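>
There are 4 protein chains.
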Amino acid sequence: MKKKNVPSLVKDERLIKTRREQIVKAAVQLFNKKGYHGTTTREVAQASGFSIGTLYEYIGSKEDILYLVCDAVYDEVMEKWEQLMDENLQGLERLHQVIYSYFKVVDDLQNEVLVMYQETKSLSNEALNYVLQKELSMKDMFEKEIRTCRERGLIEIEDREVSLACHNILVSGHMWTFRRWIIQKEYTIESYCEWQIAQLFRGFQAKDGKFLHHSGVTPAINKDGGGNGWN
Amino acid sequence: MKKKNVPSLVKDERLIKTRREQIVKAAVQLFNKKGYHGTTTREVAQASGFSIGTLYEYIGSKEDILYLVCDAVYDEVMEKWEQLMDENLQGLERLHQVIYSYFKVVDDLQNEVLVMYQETKSLSNEALNYVLQKELSMKDMFEKEIRTCRERGLIEIEDREVSLACHNILVSGHMWTFRRWIIQKEYTIESYCEWQIAQLFRGFQAKDGKFLHHSGVTPAINKDGGGNGWN
Amino acid sequence: MKKKNVPSLVKDERLIKTRREQIVKAAVQLFNKKGYHGTTTREVAQASGFSIGTLYEYIGSKEDILYLVCDAVYDEVMEKWEQLMDENLQGLERLHQVIYSYFKVVDDLQNEVLVMYQETKSLSNEALNYVLQKELSMKDMFEKEIRTCRERGLIEIEDREVSLACHNILVSGHMWTFRRWIIQKEYTIESYCEWQIAQLFRGFQAKDGKFLHHSGVTPAINKDGGGNGWN
Amino acid sequence: MKKKNVPSLVKDERLIKTRREQIVKAAVQLFNKKGYHGTTTREVAQASGFSIGTLYEYIGSKEDILYLVCDAVYDEVMEKWEQLMDENLQGLERLHQVIYSYFKVVDDLQNEVLVMYQETKSLSNEALNYVLQKELSMKDMFEKEIRTCRERGLIEIEDREVSLACHNILVSGHMWTFRRWIIQKEYTIESYCEWQIAQLFRGFQAKDGKFLHHSGVTPAINKDGGGNGWN
DNA sequence: AATGAATGAGGCTTCATTCAT
DNA sequence: GATGAATGAAGCCTCATTCAT
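Protein chains in written order, with numbering that gives the first Met the number 0: chain A, 0 to 230; chain B, 0 to 230; chain C, 0 to 230; chain D, 0 to 230.
(1) Could you tell me the boundaries of the alpha helix (DSSP H) in which C/E185 lies?
(2) Can you tell which of B/E12, B/N167 and B/E142 has its C-alpha closest to the C-alpha of B/D158?
(3) Mind the definition here: the stretch 92-103 of chain B touches the stretch 125-136 of chain B only if three or more C-beta pairs lie below 8 Å; say whether that holds.
(4) As a quick exercise: from C/G34, C/Q195, C/I145 and C/L127, pick the residue whose alpha carbon is nearest that of D/S162.
(5) Less than 7 Å between CB atoms is the rule here; does D/Q198 satisfy it with respect to chain C?
(6) Quick one, which of B/R151, B/G202, B/E118 and B/S123 has its alpha-carbon nearest A/F177's?
(7) Using DSSP with H/G/I as helix, E/B as strand and the rest coil, what is C/H95?
(8) At the 7 Å Cβ level, is A/E185 part of the contact set with chain B, yes or no?
(9) Just how far apart, CA to CA, sit A/Y191 and B/E144?
(10) Going by alpha carbons, who is nearest to A/Q96 out of A/N128, A/A44 and A/M140?
(11) For a cutoff of 7 Å on Cβ pairs, would you count A/P218 as touching chain B?
(12) What would DSSP say about C/R18, mapped onto helix, strand or coil?
(13) Is there a Cβ from chain D that is less than 7 Å from the Cβ of C/M174?
(14) Could you tell me whether the stretch 169-187 of chain A touches the stretch 80-97 of chain A, where touching means 3 or more Cβ pairs closer than 8 Å?
(15) Looking at D/V23 and D/V68, is the spacing between their C-beta atoms short of 7 Å?
(16) Under 7 Å, do C/L29 and C/A46 count as touching if we go by C-beta distance?
(17) Count the other CB atoms within 10 Å of the CB of B/S123; is the residue buried (16 or more) or exposed (fewer)?
(18) Would you mind listing the alpha helix (DSSP H) stretches within the stretch 96-146 of chain C that are 4+ residues and don't spill past its ends, in chain order?
(19) Give a yes or no on whether the C-beta atoms belonging to D/G59 and D/P6 are separated by under 7 Å.
(20) Just the chain B side, please: which residues come within less than 8 Å of A/R178 by C-beta, in chain order?
(21) If we call anything under 7 Å between Cβ atoms a contact, is D/I168 one with D/F203?
(22) Considering only C-alpha positions, which residue in the set A/K32, A/I64, A/R201 and A/D106 is nearest to A/T187?
(23) Can you pull the chain D neighbours of C/H95, defined as C-beta to C-beta under 7 Å?
(24) Which residues bound the alpha helix (DSSP H) around C/E42?
(25) Excluding sequence positions up to five away, which residues of its chain have a Cβ less than 7 Å from the Cβ of D/L65?
(26) Can you tell me the Cβ-Cβ gap for A/Y129 and A/K3, rounded? I've got them flagged as a contact below 8 Å.
(27) Would you mind reading off the limits of the alpha helix (DSSP H) that contains A/L199?
(28) Rounded to a whole number of angstroms, what is the C-alpha to C-alpha distance between C/T147 and D/Q132?
(29) Consult DSSP for A/K3 and reduce its assignment to one of helix, strand or coil.
(30) Apply the 10 Å Cβ neighbour rule to C/V9 and answer buried if 16 or more other Cβ atoms are within range, or exposed otherwise.
(31) What whole-angstrom Cβ distance do C/V72 and C/L14 have, given they're in contact under 8 Å?
(32) Give me the chain D residues within the contact set of C/I15, using Cβ-Cβ distance strictly less than 7 Å, ordered along the chain.
(33) Mind listing the chain C neighbours of D/S60? Cutoff is C-beta to C-beta under 9 Å, in chain order.
(34) Verify whether the separation of the beta carbon atoms of C/M174 and D/V114 is less than 7 Å.
(35) What do you reckon, are the CB atoms on D/R201 and C/R201 nearer than 7 Å?
(36) Starting from D/Y73, trace the alpha helix (DSSP H) in both directions and tell me its first and last residue.
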């Protein structure tokens, strides 16, 4: 599934990059507030800081804006995610960190993720497939981690359960955005991470108790001591 | 949060009900295929079997159609759900059934649920709040069940975890529709129910092993394996 | 080559006919003055006496307007032409009348013919082919007449010359419109008919002198006696 | 009617000439394929081998391009025509050659002539008048030839017929391009010249039979049939 | 002289909604 | 109550032209 080609009348690749970043940034704001369909190309142009004519020098159609957003969001998620990863961790600690970091990135890029999440369906087939492919590649990352833990006996789930577990992790991240109208009233991002990861880990039958429950009992994801230090 | 008033120029309440059912049925099909924004009122009228003029005798605006759909879907979900419930069950068996039935209803009303799920955000404030309220009332149903089990010591989760657990159940149901592009390739509805409920129950630290794994398989964690017969 | 289908959202065929006549009439005026490309759909709608929305209830695209014009012009030409024909004439008198009537109709429908003539090339392939087909069918009408005269020995041109002769007749008619900027300063429609037909007939080597020169000498296209009676 | 001034920001007249030749050449190709209105200035610039900015260094507006094309085409037609003329010929032979050469030039510059012919109407008043003036000057050339023959008794048409005869010659040339969709299927340029000139000459009542029919054929009307060798 | 990014007026078309029949 | 023709605001996109580099 190759990246879709978004046509541009401008030759300077550097400029294309800059302008498209402006476009994506503006579009995320607007799509968040008014949705993709509720946002006009003129608004995107204006919010991007240039004219409608200029906007169309960098895209071929309105849908391209949505595609650029989705594409950029995935890349940004991946990039920030990698920054948060500590490659020295292993085992369940690593699994924990993978998930925790993912949640944190989602929280950081809430608006972006939400847009991508809610508007993806408005993409045409070609672009949609590409975006779904990216989604799957994220799932694969989790799957690799899960399988590693599973092979080492650190978690205990059936083989056929693995894929589902990965979906659950991903969706748990998305939930933080698409149910934010209620869930962010009930939890902070930190408490959400703790409880959600606890439920996930118990669901995986993780063999190390420190991730299975709330810090208040045996502090796992906890500010003070406890011997774990992710936050 | 009161039901939003959808204006109609027609007096006969019976007729209004019939026509609106037609509208909702047609709209679900269309919204599924083309999305709310991609569907025109003309199309809805035609698919409903009457003219555009008549359509507007039973609604006040296009948004009302979406509202009617969302409203109807919740009601239909509740109705079908109740039909599946066996009031004689208790404890974890009841909890299991509540979730399982919910998943089955979602599967049955896939298109409806998906539309409601994806297009809800296009509702205006008043209607949106009403719909979100309904969503919360569903969560409350789960919460009641969860708390009952918890009080009886059948599951062991922190008080502050309860709400999250309910969200997870709800979202697990929605997942079956909004990730169906991938998840329904990997699982049948029955296998999905089994594995998903197993992960949830383990996440709740349910005290009865028989729900924690796939019934047909040699229990990895489960000791007894007593026959349960939901599937 | 079938008539191209022009989509309409309106069901009443009678109304479609009326409205399209309005559209064609308005479009001819506008296209004459400003050309097809220089005319906006809004202008056509306004000149037709209804809104832009209504215009699009009767056509699918701007090009359809041009197509409707071309189609209607041919029909109108044929209709008026037939009205002018006296079926009792024979031989060269008939040939003369066919051409003369054709010129008169072209003069009568000058604007229409000119538009069709100048803007045809803007039609897309399907419509263009249809229109060219109609043009050919007009040529065929002349060809039939020419061949009849030729077989009877009334004119004397080579077989391979016949087709060219027909093109010349047709183009002589068109000329009256597309060179009107100069030719209508030099000739009245009547004098044009006389001289042009005279040159054509001599070109055909017609065997009857009375059509070969100007009426001022031996009145040819003349109301009264003189022995010829076409008008 | 003076040549319209086409503004240029460039001083070097030599360069202006070169660049404009490039522009005209590119524009003819494009206008032929897509029409004047269907061609963008960007396309003209690109096909000319330079940037849009540079294009506007040599013209003032898009219309100037069309004007340059029309102007150049006339000049090119005249130039090539003169090259084909044999100043030693006289009488009907000269008239024949004038027409024949004209037809051949039109055939040679088909695309150019067609563009000029079809798009002229898109010129604004000033430029249009200039172009029409050029058209008239071509007509005058024919008129001079016709009158010479007429005075010498070589052809026999009324005084008032002369102008029409010239129009017919001119239009016969244009026909070869604007009806090429059908006429070039039926005739080669050579056969077209022969038959068309034969019909014209008979129309003029030319006194020399050798031009009145196809040379290769047994004269139907012609008595002597002496070999003429233009083709 | 050459470049090409920026501009924005304006074109075509759609579609939710109204209202006379 | 039902119909469907009429409306026009508003959206997407193009492209001739300018101007800073």
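Using N, Cα and C, we set each Cβ at its ideal position, and we do this for glycine too.
Please read all numbers here as calculations on a predicted model, not as lab measurements.
The structure says:
(1) R179 to E185
(2) B/E142
(3) no
(4) C/Q195
(5) yes
(6) B/E118
(7) helix
(8) yes
(9) 22 Å
(10) A/M140
(11) Because the pLDDT of A/P218 is 32, which lies under 50, any placement of that residue in the model is unreliable, and the number read from its coordinates should be weighed accordingly. Chain B, which has no Cβ nearer than 7 Å to the Cβ of A/P218, makes this no.
(12) helix
(13) yes
(14) no
(15) yes
(16) yes
(17) exposed
(18) 109-118
(19) yes
(20) H166 and V170
(21) no
(22) A/D106
(23) Going along chain D, no residue has its Cβ under 7 Å from C/H95, so there is no contact; the nearest lies around 15 Å.
(24) T40 to S47
(25) Y35, E118, S121 and L122
(26) 6 Å
(27) I188 to F203
(28) 42 Å
(29) coil
(30) exposed
(31) Not quite, the Cβ-Cβ distance comes to about 22 Å (not below 8 Å), so this is no contact.
(32) Those within 7 Å of C/I15 in chain D number zero; the least Cβ separation is about 29 Å.
(33) Those within 9 Å of D/S60 in chain C number zero; the least Cβ separation is about 15 Å.
(34) no
(35) yes
(36) K61 to L83
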